[in-house]
Amino acid sequence: MSDSKPTLLVVEDDPGLQKQIRWSLHGYDVQLAADRESALNQIRRFEPSVVLLDLGLPPFPDSAEEGLATLQQIVSMAPSTKVIVVTGNQDRVNAVKAISLGAYDFYQKPFDPQILDMIIARAFRVHGLEQENRALQQQRPSEVMHGIITSAPDMVRVCRTVEKIAPSGATVLLLGESGTGKELLARALHQLSTRASERFVAINCAAIPDALLESELFGYEKGAFTGAAKQTIGKIEYASKGTLFLDEIGDLPLPLQAKLLRFLQERVIERLGGRGEVPVDVRVIGATHQNLEGLIQAGSFRQDLYYRLSEISVMIPPLRDRQGDAALLAHAFLEKFCAQQNRNLKGFTTDAIEAIEAHSWPGNVREMENVIKRAVIMAEGAQVTAQDLGLKAGSAESEPLNLRQVREEADRRAVIRALGRTNGNIVQAAELLGVSRPTLYDLINRCGLK
Ligand SMILES: Nc1ncnc2c1ncn2[C@@H]1O[C@H](COP(=O)(O)OP(=O)(O)OP(=O)(O)O)[C@@H](O)[C@H]1O
Numbered sequence: 001m002s003d004s005k006p007t008l009l010v011v012e013d014d015p016g017l018q019k020q021i022r023w024s025l026h027g028y029d030v031q032l033a034a035d036r037e038s039a040l041n042q043i044r045r046f047e048p049s050v051v052l053l054d055l056g057l058p059p060f061p062d063s064a065e066e067g068l069a070t071l072q073q074i075v076s077m078a079p080s081t082k083v084i085v086v087t088g089n090q091d092r093v094n095a096v097k098a099i100s101l102g103a104y105d106f107y108q109k110p111f112d113p114q115i116l117d118m119i120i121a122r123a124f125r126v127h128g129l130e131q132e133n134r135a136l137q138q139q140r141p142s143e144v145m146h147g148i149i150t151s152a153p154d155m156v157r158v159c160r161t162v163e164k165i166a167p168s169g170a171t172v173l174l175l176g177e178s179g180t181g182k183e184l185l186a187r188a189l190h191q192l193s194t195r196a197s198e199r200f201v202a203i204n205c206a207a208i209p210d211a212l213l214e215s216e217l218f219g220y221e222k223g224a225f226t227g228a229a230k231q232t233i234g235k236i237e238y239a240s241k242g243t244l245f246l247d248e249i250g251d252l253p254l255p256l257q258a259k260l261l262r263f264l265q266e267r268v269i270e271r272l273g274g275r276g277e278v279p280v281d282v283r284v285i286g287a288t289h290q291n292l293e294g295l296i297q298a299g300s301f302r303q304d305l306y307y308r309l310s311e312i313s314v315m316i317p318p319l320r321d322r323q324g325d326a327a328l329l330a331h332a333f334l335e336k337f338c339a340q341q342n343r344n345l346k347g348f349t350t351d352a353i354e355a356i357e358a359h360s361w362p363g364n365v366r367e368m369e370n371v372i373k374r375a376v377i378m379a380e381g382a383q384v385t386a387q388d389l390g391l392k393a394g395s396a397e398s399e400p401l402n403l404r405q406v407r408e409e410a411d412r413r414a415v416i417r418a419l420g421r422t423n424g425n426i427v428q429a430a431e432l433l434g435v436s437r438p439t440l441y442d443l444i445n446r447c448g449l450k
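Read in UniProt numbering, the sequence shown has 68 at position 68, and its numbers run on one by one without any break.
So this is what it looks like as structure tokens:
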């Protein structure tokens, strides 16, 4: 046995052929088996990447029955192993059957060492590439934090900021278009804070009628108004010791803005109809898609509240400004919804990826999530097409400064796009770009993408 040679398992019951194969395939560490049981034992023992399997095995050497049964067991036991089946001269039917059962390739007798060597070498190469892909996929850094998928530098920066400010307890204002992930980031802030074991309470200020919002936030005493049958605590008190997420805070009516400001300053609340103050320890995170400074100028948002809320404010970029993220998220959602819907779609067609990249995603990640979910349900082919997505293909590129920067920016964009399209697969991305893998790694480093 040699350490440097790749292990090849040959399942063949004819001792003459065994000898011949071993002799001619001297580039491999050839292990032998003569029947199903010993083949499976050898697989357990050596974990070969490639198996050469004669379909005519005992006890039925004249039919493919035992060989096909062995194949099925190998495929279910070691699915990444490449099995090359060896069939009789005219036996196309069983060769095709073997492929449909999961064999990687077939080889028809008579025995030709050169051709067989080529087929085996290719199987080892494919196996190696697949292993490499799997390893790369596993270390894919796209999920940077608590379900947040991104590889766009601006968004990664946002996540790093969130990590930094989470333990501080500061009041945070998250600003960004609808569907950019404000709630997801608010939850991450909570999860990474010292309050993680307490409640995260979210309230959407725009979704609750003004008349109800006050009691919803501050609670009420029994008899405070008609129908107030018993004392009820509001969301602020409910979130005590935890985090209160006030979504769409720009929609908070002015009288409530005053009450909220008082709470943020004094850290006490008064329930409706109540006569005493209740101290509440809660961290507040606000969010809005609106331009608060514009609202302040228009007189519909209090400046003092704005300053209180934005001890730290975080701008979340829209999806259209996150280079490479559209395709990356599309792949992630495809995987998620395929698993959820029990569908086995093999990625996107080129026109689908182009359409994803060309679309401006006004509804941001939420729109993307919905589009992919619908496509997974609707797709009829093996891959998702632009039509399944209900999107039109197009293109939009922006312009340069000087020639060096043009080149660098073009390289950077091409690399980000290729990685996005191939879901972070280095081998495929290098192929798409027409460069070698080392060149791509070099580009990734030079563009600061690692
Ligand atoms: N980077 C991301 N990675 C994975 N999923 C994301 C990402 N950003 C957002 N999502 C998903 O997109 C959807 C919308 O996100 P979220 O509700 O956090 O956005 P939002 O900015 O709070 O929206 P709105 O302003 O409309 O309330 C959610 O299902 C969320 O899980």
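The beta-carbon is built from N, C-alpha and C at its ideal position, and this holds for glycine as well.
Unbroken alpha helix (DSSP H) run spanning residue i, endpoints
i       : result
Thr-439 : 437-446
Ala-11  : Checking the sequence shown, residue 11 turns out to be Val, not Ala. Per DSSP, Val-11 belongs to no alpha helix (DSSP H); it is in the beta strand (DSSP E), 7-11.
Asn-344 : Careful: Asn-344 lies outside any alpha helix (DSSP H) and carries neither H nor E.
Val-75  : 65-77
Phe-263 : 254-266
Phe-46  : 36-46
Leu-189 : 182-191
Asp-14  : Where Asp-14 is concerned, there is no enclosing alpha helix (DSSP H), given that its DSSP letter is neither H nor E.
Asp-351 : 350-358
Glu-237 : 235-238
Minimum C-alpha distance to residue i - residue among the options
i       : options                               : result
Arg-283 : Arg-322, Arg-308, Arg-271 and Glu-270 : Arg-308
Leu-71  : Val-162, Leu-55, Pro-61 and Ser-63    : Leu-55
Arg-412 : Asn-425, Pro-153, Ala-330 and Leu-334 : Pro-153
Ala-224 : Gly-147, Phe-218 and Gly-273          : Gly-273
Leu-17  : Met-118, Val-86 and Gly-299           : Val-86
Tyr-107 : Leu-101, Ser-100 and Leu-116          : Leu-116
Ala-123 : Ser-49, Glu-221, Asp-35 and Asn-445   : Ser-49
Gln-90  : Ser-63, Ile-208 and Leu-101           : Ser-63
Arg-267 : Ala-229, Phe-218 and Phe-301          : Phe-218
Val-83  : Arg-92, Glu-66, Leu-101 and Val-93    : Leu-101
Ala-386 : Val-365, Ala-327 and Ile-312          : Ala-327
Asp-105 : Tyr-220, Gly-381 and Leu-53           : Leu-53
Lys-336 : Val-365, Asp-304 and Glu-369          : Glu-369
Val-10  : Ser-38, Ile-43 and Val-51             : Val-51
Gln-265 : Leu-305, Gly-234, Gly-424 and Ala-339 : Leu-305
Buried versus exposed call for residue i [16 or more other C-beta atoms within 10 Å across all chains shown]
i           : result
Glu-12      : buried
Pro-141     : Because the pLDDT at Pro-141 is just 49, under 50, the model does not fix this residue reliably, and the value given afterwards should be weighed accordingly. So Pro-141 counts as exposed.
residue 454 : Given a span of 1 to 450 for the chain in the structure shown, any question on residue 454 remains unanswerable.
Gln-31      : buried
Ile-377     : exposed
Gly-434     : exposed
Gly-250     : buried
Val-172     : buried
Thr-194     : exposed
Met-118     : exposed
Trp-361     : buried
Cys-205     : buried
Reduced DSSP secondary structure (H/G/I, E/B, other) of residue i
i           : result
Tyr-104     : coil
Gln-131     : helix
Gly-294     : helix
Pro-113     : helix
Gly-363     : coil
Arg-283     : strand
Ala-429     : helix
Phe-245     : strand
Asp-325     : helix
Gly-420     : helix
residue 451 : Residue 451 is absent from the model: the chain starts at 1 and stops at 450.
Asp-388     : helix
Gly-219     : strand
Ile-208     : coil
Leu-25      : coil
Gln-340     : helix
Leu-334     : helix
Asn-411     : Here the sequence assigns Asp to residue 411, which means Asn is not the residue at that position. Correct three-state label for Asp-411: helix.
Leu-175     : strand
Leu-272     : strand
The beta strand (DSSP E) enclosing residue i, as first and last residue numbers
i       : result
Lys-82  : 82-87
Ser-313 : 312-315
Gln-31  : 29-33
Ile-203 : 200-204
Ala-305 : According to the sequence displayed, residue 305 carries Leu and not Ala. Per DSSP, Leu-305 belongs to no beta strand (DSSP E); it is in the alpha helix (DSSP H), 303-309.
Asp-154 : Element bounds for Asp-154: not the beta strand (DSSP E) but the alpha helix (DSSP H), 153-165.
Asp-54  : 50-54
Cβ contact (3+ pairs, closer than 8 Å) linking the region 271-290 and the region 95-113: no
Is the region 310-317 touching the region 170-186 in the sense that three or more CB pairs, one from each, lie closer than 8 Å? With the cut-off at 8 Å, the region 170-186 and the region 310-317 touch.
Any 3 or more C-beta pairs closer than 8 Å across the region 260-280 and the region 235-250: yes
Whether or not the region 208-221 and the region 346-362 are in contact is what I'm after, with contact meaning three or more pairs of Cβ atoms, one per stretch, closer than 8 Å; do they touch? no
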